[in-house]
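*Asks:* Numbering (my numbering), first residue to last: 771 to 1320. Positions of the beta carbon are idealized from the N, C-alpha and C atoms, including for glycine.
What follows is the structure, given as structure tokens:
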């Protein structure tokens, strides 16, 4: 890049790259195309690393996984055929508050003047941007050098502020367009209303002090806004036990003495459910009240006993407070002086996973598989779980550190895990993903493992091969839930890298896992054969609830 005389980038494309770096990005995912090639040329000449993907939706999932580790992600694609292919993964990032910067090329401003039927165009030139307006928190068409620099700032600030995706479209004849006047980024600093914050903290302190059994339920926004340490300090200072939601799993180390487990309504463990639902002061911090998080709405949380704080609202019992930022509230509550009761904590156990000692000739079952996986995890492991029993059985795994469990537990889009694991290792090469994915979800994005081969990544991919969509089998059985049984363990032969293992019994599983852990240089894939109707206790409870609604 060639900056101007004052050291600032002078073109729209240069400025966007400059701001991406300022925001902490080191990598951009994507697939090039003719409408975005000029910008790709700029990226190649910049310090940013371009990570090519096999499909645009996979690039989106990878950017999402990267954002969940790094705090912000970016994906760059061409117009319409690239952007519209990206929609599902970006919709998931929007739903689950993962800030991904979507950069799309577009037809040039001069090309648009005569309204030609250009390739990739759908309906009119604004169609793609209008679609993304529904699944991002801000969009901008960077067609005017007079406003483009401010629009870049506005959208990037929105991604950071709201922790949701934004969309930037650069017409291909504006990538090198020069600034009309010198521009420097100025980020608007948000602050809470001082009086509202003071009153909310006073009321929260009174409610907690007057309670007999307070409990914290920490959700995914604690991850997204970087508030894990603040929540932990609050809990430790007042000895308040902590639960997490499924989407917020790993919000703190699950080895922490104050951690009780996941609260999932009737889907979760009885010991956790009983403690939370008997609490007279439930402190929900950054928690999404979604159907899956609430155990298909089986949670019994009386609003009259709740302090509910998110980035979008603050409610105590039936009182609403406006203009109070979630970080200010959590930090203020941690500093507030009050005395909380300290009842004896229940023994919520370590989940429903049995003790594990290999029985070599026995077929692998879901319960035994996850008991073995639980022994596999260590400080460097990141569990990336796809939708299905790979997610629900994983809810009982013990995660050692915070932000080491990734899943699409709200949007529940199949195919997330493999490309998201690529994003994890791009963000932090020291982390090793343990990918848990059903065969149905794996077939959707399996070829993204070619990116692992290309860059020497080493995820361990466990394919739960039950020959179809087992979750749906328990909702409504039928041959439409069956899929072709691939030789998943032969995928390394196709890709020219990686190790594959076929697992029928616990002896096979033990050998494969030991070899996979020893293989530090490439991905390892385990094709684990399971009974099509063998599911975890968590999924049994879920399907029992869901089947009543279908």
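#1: Using the Cα positions of residue 1034 and residue 1302, report the straight-line distance between them to the nearest angstrom.
#2: Relative to the C-alpha of residue 1141, which residue among 1165, 1251, 1290, 979 is closest?
#3: Cα-Cα, which of 1147, 1218, 1235, 1080 is closest to residue 1202?
#4: Below 8 Å, how does it come out for the region 1148-1157 and the region 1170-1189: are there three or more Cβ pairs, yes or no?
#5: Distance, Cα to Cα, residue 1116 vs residue 900?
#6: DSSP puts residue 1258 in a beta bridge; with which residues?
#7: Which first and last residues belong to the beta strand (DSSP E) in which residue 990 is found?
#8: Let me make sure I understand the geometry here. Which of 895, 912, 1021 has the alpha-carbon closest to that of residue 781?
#9: Apart from the five residues just before and just after residue 772, which ones in its own chain have a Cβ nearer than 8 Å to its Cβ?
#10: Leaving aside the five residues before and after residue 1083 along the sequence, list all residues of the same chain whose C-beta is less than 8 Å from its C-beta, in chain order.
#11: At a cut of 8 Å, does the region 1125-1132 reach the region 1191-1208 through at least three beta carbon pairs?
#12: In angstroms, rounded to a whole number, what distance separates the CA positions of residue 997 and residue 894?
#13: Where DSSP assigns a beta bridge to residue 1029, which residues make up the other side?
#14: Tell me the start and end of each unbroken beta strand (DSSP E) in the region 1190-1254 that is at least 3 residues and wholly inside, in chain order.
#15: Quick one: what's residue 1275 bridged to in DSSP?
#16: At the level of alpha carbons, what is the spacing between residue 1207 and residue 1161?
#17: Under the rule that 16 or more other beta-carbon atoms within 10 Å means buried, what is residue 1290, buried or exposed?
#18: Please list the segments of the beta strand (DSSP E) lying wholly inside the region 782-809, counting only runs of 3 or more residues, in order along the chain.
#19: Considering only the beta carbon of each residue, do residue 846 and residue 798 sit closer than 8 Å?
#20: Taking 8 Å as the threshold, find out whether the region 976-994 comes into contact with the region 948-955 through three or more Cβ pairs.
#21: With a CB to CB cut of under 6 Å and the five nearest residues on each side skipped, what residues in its chain are close to residue 830?
#22: Between the beta-carbon of residue 1258 and the beta-carbon of residue 1223, is there less than 8 Å?
#23: Using the Cβ count rule (16 or more neighbours within 10 Å means buried), how would you classify residue 825?
#24: Thinking C-alpha only, which one of 1106, 1011, 974 is nearest residue 1028?
#25: Where do the ends of the alpha helix (DSSP H) carrying residue 971 lie?
#26: For residue 1126, which beta-bridge partners are listed by DSSP?
#27: Quick check on this structure: which residue in 956, 922, 864 has the alpha carbon closest to the alpha carbon of residue 945?
#28: Any idea what DSSP makes of residue 1045, helix, strand or coil?
#29: Is it buried or exposed for residue 1285, if we count other Cβ within 10 angstroms and need 16 for buried?
#30: On the premise that residue 874 lies in contact with residue 939, defined as a C-beta separation below 8 Å, what is that separation, rounded to the nearest angstrom?
#31: Would you call residue 942 buried or exposed, if buried means 16 or more other Cβ atoms sit within 10 Å of its Cβ?
#32: Candidates 793, 786, 823, 1101: which alpha carbon is nearest residue 1215's?
#33: Keeping to the same chain, check which residues put their C-beta closer than 6 Å to that of residue 1277; ignore five residues upstream and five downstream.
#34: What's the C-alpha gap between residue 832 and residue 862?
#35: Can residue 786 and residue 842 be called in contact, C-beta distance under 8 Å?
#36: What span of residues does the alpha helix (DSSP H) with residue 1151 cover, start to end?
*Replies:* If we stick to the structure as given:
#1: 25 Å
#2: 1165
#3: 1147
#4: yes
#5: 51 Å
#6: None, per the DSSP bridge assignment.
#7: Taken as a continuous stretch (DSSP letters only), residue 990 belongs to no beta strand (DSSP E), being part of the alpha helix (DSSP H) at 990-994.
#8: 912
#9: Any reading at residue 772 must be qualified, since the residue scores a pLDDT of 47, below 50, and its modelled position is unreliable; no value is offered.
#10: 1090
#11: no
#12: 43 Å
#13: 1012
#14: 1202-1208, 1230-1235
#15: 1133
#16: 8 Å
#17: exposed
#18: 797-800
#19: yes
#20: no
#21: 845, 856, 859, 860
#22: no
#23: buried
#24: 1011
#25: 964-980
#26: Answer is none; residue 1126 lacks a bridge partner.
#27: 922
#28: helix
#29: exposed
#30: 5 Å
#31: buried
#32: 823
#33: 1130
#34: 12 Å
#35: no
#36: Segment 1151-1155 is the beta strand (DSSP E) holding residue 1151; no alpha helix (DSSP H) there.
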